[in-house]
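Chemist:
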Amino acid sequence: MEVKVIEETKKRLVVEVPGAGHTLCNLLKNQLLQNKHVRIATYVVKHPLVAIPTMIIETDGKTSPR
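Positions in the sequence shown are counted from 1; adding 981 to them yields our numbering.
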């Protein structure tokens, strides 16, 4: 599975995850949210026919979103 970085800053990471489904994205999101330094962890599928999930991860800056 290849991950494409769309945006990366010190506190924010946005990546596309081609081939991933809702199951994997939900699992990843829930695991990320267990980290106390992660403020936002979510994903978006812009259109069901073009099912490329975009993961959005934002931290408080004390840890890298990567």
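Cβ atoms here follow ideal geometry from the backbone N, Cα and C, with glycine treated the same way.
1) Note down, in chain order, each residue of its chain lying with its Cβ closer than 7 Å to the Cβ of T1040, except the 5 sequence neighbours on either side.
2) Nearest-angstrom Cα distance between L1009 and K1027?
3) Along the beta strand (DSSP E) that carries K985, what are the first and last residues, could you check?
4) So, using beta-carbon positions, are M1036 and V986 closer together than 8 Å?
5) Can you tell me which of the three DSSP states T1004 falls into?
Modeler: Reading from the atomic positions:
1) If you number the sequence shown from 1, residue 1040 lands on position 59. Cβ contact annotation for T1040 (same chain, cutoff 7 Å, sequence separation greater than five): K992, H1018, V1019, R1020 and P1046, in chain order.
2) On the sequence shown, residue 1009 is found 28 positions in, with the first residue counted as 1. On the sequence shown, residue 1027 is found 46 positions in, with the first residue counted as 1. For L1009 and K1027, the gap between their C-alpha atoms comes out near 18 Å.
3) For the purposes of this step, residue 985 is taken as the residue at position 4 of the sequence shown. K985 -> beta strand (DSSP E) spans K985 to E989.
4) For the purposes of this step, residue 1036 is identified with residue 55 of the sequence shown, where counting begins at 1. For the purposes of this step, residue 986 is identified with residue 5 of the sequence shown, where counting begins at 1. No; because the gap between Cβ atoms is not below 8 Å, this pair is not in contact.
5) For the purposes of this step, residue 1004 is taken as residue 23 along the sequence shown, with counting starting at 1. Helix.
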